[in-house]
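Asker: So for the sequence shown, full-length UniProt numbering puts the first residue at 1; every next one is plus one.
Here it is, the structure, as structure tokens.
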Amino acid sequence: MQQLYDTLSQRFSLGEFTRQRADLAFITVGAVRLHALLRHLRDQEGFTHLVLLTAVDWLEDGQFQLTYLLNNRAKCQDLGLRVMIARDNASMESIHDLWAAAATYQRELREMFGIDFPGSPRLMDDFILEGWNAAPPYRRDFDTLEYARATYRERPGRETRDPAAHMKQQLYGDKGDV
Numbered sequence: 001m002q003q004l005y006d007t008l009s010q011r012f013s014l015g016e017f018t019r020q021r022a023d024l025a026f027i028t029v030g031a032v033r034l035h036a037l038l039r040h041l042r043d044q045e046g047f048t049h050l051v052l053l054t055a056v057d058w059l060e061d062g063q064f065q066l067t068y069l070l071n072n073r074a075k076c077q078d079l080g081l082r083v084m085i086a087r088d089n090a091s092m093e094s095i096h097d098l099w100a101a102a103a104t105y106q107r108e109l110r111e112m113f114g115i116d117f118p119g120s121p122r123l124m125d126d127f128i129l130e131g132w133n134a135a136p137p138y139r140r141d142f143d144t145l146e147y148a149r150a151t152y153r154e155r156p157g158r159e160t161r162d163p164a165a166h167m168k169q170q171l172y173g174d175k176g177d178v
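Put into structure tokens, the structure is as follows:
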């Protein structure tokens with residue numbers, strides 16, 4: 001994988017290289033270079049399968065990390081490309097023209113994180129959260145407790161317990177009080 005990184009570095013401006021295993025590595029790349037790099041990896045390097053596209057919310061840094069995981073079946077290798085984008089008005093170029101399946105991942109990321117992928121088909125159609133009108137729920141600043149209190153009524157007979165004390169009681173019974 002190091003050899004692939006060295007070869008790609010001659011053609012593309014690349015960031016950090018992280019080798020996880022002999023058959024898995026990650027490369028950080030700028031958003032403006034991603035599409036061309038993905039096309040090259042697909043057409044020239046044999047990474048013909050988009051395994052997944054996912055996001056991580058780095059709330060404290062004001063960024064999202066998008067990770068595009070590709071697979072080269074012939075060489076049994078996986079390569080992840082990491083892209084950092086601004087969290088405010090998050091937007092990233094669509095790659096549905098390279099892999100049709102990317103449109104599904106992009107719809108999910110738009111709905112769950114609020115990341116826009118201009119030009120991606122059916123991007124604004126409900127996907128998982130039909131009729132959802134609150135903030136994207138996978139963002140780390142989404143308050144699930146506040147949402148639940150505003151949306152659902154309290155059920156009779158339900159009591160709230162301190163999780164630590166409750167588990168101690170469940171695990172140790174009366175011995176936990178000592």
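Even glycine gets a Cβ: it sits at the ideal position worked out from N, Cα and C.
With a 10 Å radius around its C-beta and 16 neighbouring C-beta atoms as the bar for buried, classify GLU111 as buried or exposed.
Answerer: Translated into positions along the sequence shown, residue 111 becomes position 111. Classification for GLU111: buried.
Asker: So what does DSSP say about GLU16, is it helix, strand or coil?
Answerer: Here residue 16 refers to the residue found at position 16 when the sequence shown is read from its first residue. In the structure shown, GLU16 sits in a strand (DSSP, three-state: E or B).
Asker: Around the C-beta of VAL32, are 16 or more other C-beta atoms found within 10 angstroms, so that it is buried, or is it exposed?
Answerer: Counting from one through the sequence shown, the residue named residue 32 turns up at place 32. Classification for VAL32: exposed.
Asker: Pick helix, strand or coil for SER91, following the three-state DSSP scheme.
Answerer: Working through the sequence shown from its first residue, we reach residue 91 at position 91. Correct three-state label for SER91: strand.
Asker: For GLY46, which residues from the same chain have a beta carbon less than 6 Å from its beta carbon, with the 5 sequence-adjacent residues on both sides left out?
Answerer: Sequence index remark: in the sequence shown, residue 46 carries index 46 (1-based). Excluding sequence neighbours, GLY46 sits near ASN72 and ALA74.
Asker: If you follow the alpha helix (DSSP H) that HIS35 is in, where does it begin and where does it stop?
Answerer: Along the sequence shown, one-based indexing puts residue 35 at 35. From DSSP, the alpha helix (DSSP H) with HIS35 extends over 31 to 43.
Asker: Rounded to a whole number of angstroms, what is the C-alpha to C-alpha distance between HIS35 and THR151?
Answerer: One-based indexing of the sequence shown puts residue 35 at position 35. One-based indexing of the sequence shown puts residue 151 at position 151. Taking the straight line from one Cα to the other gives about 41 Å.
Asker: If you follow the alpha helix (DSSP H) that PHE113 is in, where does it begin and where does it stop?
Answerer: For the purposes of this step, residue 113 is identified with residue 113 of the sequence shown, where counting begins at 1. Segment 102 to 113, the alpha helix (DSSP H) holding PHE113.
Asker: Just to confirm, is the Cβ distance from THR67 to ARG82 under 8 Å?
Answerer: The sequence position of residue 67 within the sequence shown is 67, counting from 1. The sequence position of residue 82 within the sequence shown is 82, counting from 1. Taking 8 Å as the Cβ cut-off, THR67 and ARG82 qualify as a contacting pair.
Asker: Can you list, in chain order, the residues of its chain with a C-beta nearer than 6 Å to that of ALA165? Leave out the 5 residues immediately preceding and following it.
Answerer: Along the sequence shown, one-based indexing puts residue 165 at 165. For ALA165, where only same-chain residues beyond five positions count, there are no Cβ hits under 6 Å.
Asker: Buried or exposed for GLN20, please, with buried defined as at least 16 other CB atoms from any protein chain shown within 10 angstroms of its CB.
Answerer: In the sequence shown, residue 20 corresponds to position 20, counting from 1. Its Cβ having fewer than 16 others within 10 Å, GLN20 is exposed.
Asker: Would you say the region 127 to 136 touches the region 99 to 115, given that touching needs at least three Cβ pairs under 8 Å?
Answerer: These segments touch.
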